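Student:
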Amino acid sequence: MPHPHKEKTMNLTIHASTLHRALTTAARVTDPRSSQHVLSCVRLDAADGRLRITATDLETAVIADLPATVTIAGVRVVPIRALLAAVQGARGDIAMGSTAVGTLRVRAAGVETDLWTLNDPEGDGFPVVSSPEPGPALVVVPAATLRSCGAPIPA
0 MPHPHKEKTM NLTIHASTLH RALTTAARVT DPRSSQHVLS CVRLDAADGR
50 LRITATDLET AVIADLPATV TIAGVRVVPI RALLAAVQGA RGDIAMGSTA
100 VGTLRVRAAG VETDLWTLND PEGDGFPVVS SPEPGPALVV VPAATLRSCG
150 APIPA
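Counted the way numbering that gives the first Met the number 0 counts, the sequence shown spans residues 0 to 154.
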C-alpha cells in the first residue's frame, strides 16, 4: 500500500466554523511579507479522521488537530490568506479536494475556489514543526492573561 502522503489527491469534509476558527488563529503566526513564501502558507495534513493545520513564522507555531471526514489522505501547503478568503462566511460543511499536484479546490457556501498549492505533494518544503507532547513541557496561557501583562496579543 502506498504511503498516504505520496498520493496526488486529497479529499475531506470539515465543518466551516471549526476550520475558520483554526485558520484565523494560525494566520496570526504567518508572515505574508516574508522573503520565504512558505511562511505565508499553512500546511494541511488530512488523515485518520482529522485535519492537522500547521503554521509557523520559524519562532512561533500553531498546530491544530480538527475532526474531519477524510476520504483520501494527503498533504497540501497553501497560502493561508487565500484559504481564509475561500471559507469566509461559509456555514455547514466545507469540502476540500485535489486531483493534481499544485491545486486545492475548496467548496464552501455553494462556491468553488481553486487555490494554488506549493508543488510539493508531501509538504516537505514546509518547515518542520514538532508537536509537543502533553505534559510538563506544554504550557497554555490564556491570551487575556498575556494582555494583562502588557504583551501585544491581537484580539
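Where a beta carbon is used, it is the ideal one built from N, C-alpha and C, also for glycine.
Note that this is a predicted model, so its numbers are computed, not measured.
In chain order, what residues of the same chain lie with their CB nearer than 8 Å to the CB of threonine 116, ignoring the 5 residues before and after it?
Tutor: Excluding positions up to five away in sequence, the list reads Arg75, Val76, Val77, Ser97, Val100, Gly101, Thr102, Leu103.
Student: Cα-Cα, which of Thr68, Arg80, Asp44 is closest to aspartate 92?
Tutor: Ranking Thr68, Arg80, Asp44 by Cα distance to aspartate 92 puts Thr68 first.
Student: In the DSSP assignment, find the unbroken beta strand (DSSP E) run with threonine 86 in it and report its ends.
Tutor: A small fix is needed here, since residue 86 is valine in this sequence, not threonine. It is not in any beta strand (DSSP E) - valine 86 instead sits in the alpha helix (DSSP H) that spans 79-86.
Student: Quick check: the Cα distance between leucine 11 and isoleucine 71, rounded to an integer number of angstroms?
Tutor: If you take the alpha carbons of leucine 11 and isoleucine 71, they lie about 7 Å apart.
Student: Name the two residues that bound the continuous alpha helix (DSSP H) containing alanine 25.
Tutor: Taken as a continuous stretch (DSSP letters only), the alpha helix (DSSP H) holding alanine 25 covers 15-26.
Student: So the beta strand (DSSP E) valine 110 belongs to, where does it begin and stop?
Tutor: Its beta strand (DSSP E) spans residues 110-115.
Student: By Cβ distance below 6 Å, which residues in the same chain neighbour threonine 112 in space, the five residues on each side in sequence not counted?
Tutor: Ala85, Val105.
Student: Have a look at the DSSP bridge pairing and note the partners of aspartate 92.
Tutor: Answer by DSSP bridge pairing, in chain order: His14.
Student: Hey, how far is the Cα of valine 37 from the Cα of alanine 60?
Tutor: Using only the alpha carbons, I get a separation of about 13 Å.
Student: If contacts are defined as beta-carbon pairs under 8 Å, then threonine 24 and alanine 63 qualify, I think. What distance do you get, rounded to the angstrom?
Tutor: Going by Cβ atoms, the distance from threonine 24 to alanine 63 rounds to 7 Å, so yes, they are a contact pair.
Student: In three-state DSSP terms, what is valine 37?
Tutor: Helix, per DSSP.
Student: For alanine 21 versus leucine 65, is the C-beta spacing smaller than 8 Å?
Tutor: In contact: alanine 21 and leucine 65 (Cβ atoms closer than 8 Å).
Student: By a C-beta neighbour count over all protein chains shown, 10 Å radius and 16 as the cutoff for buried, is arginine 42 buried or exposed?
Tutor: Result: buried.
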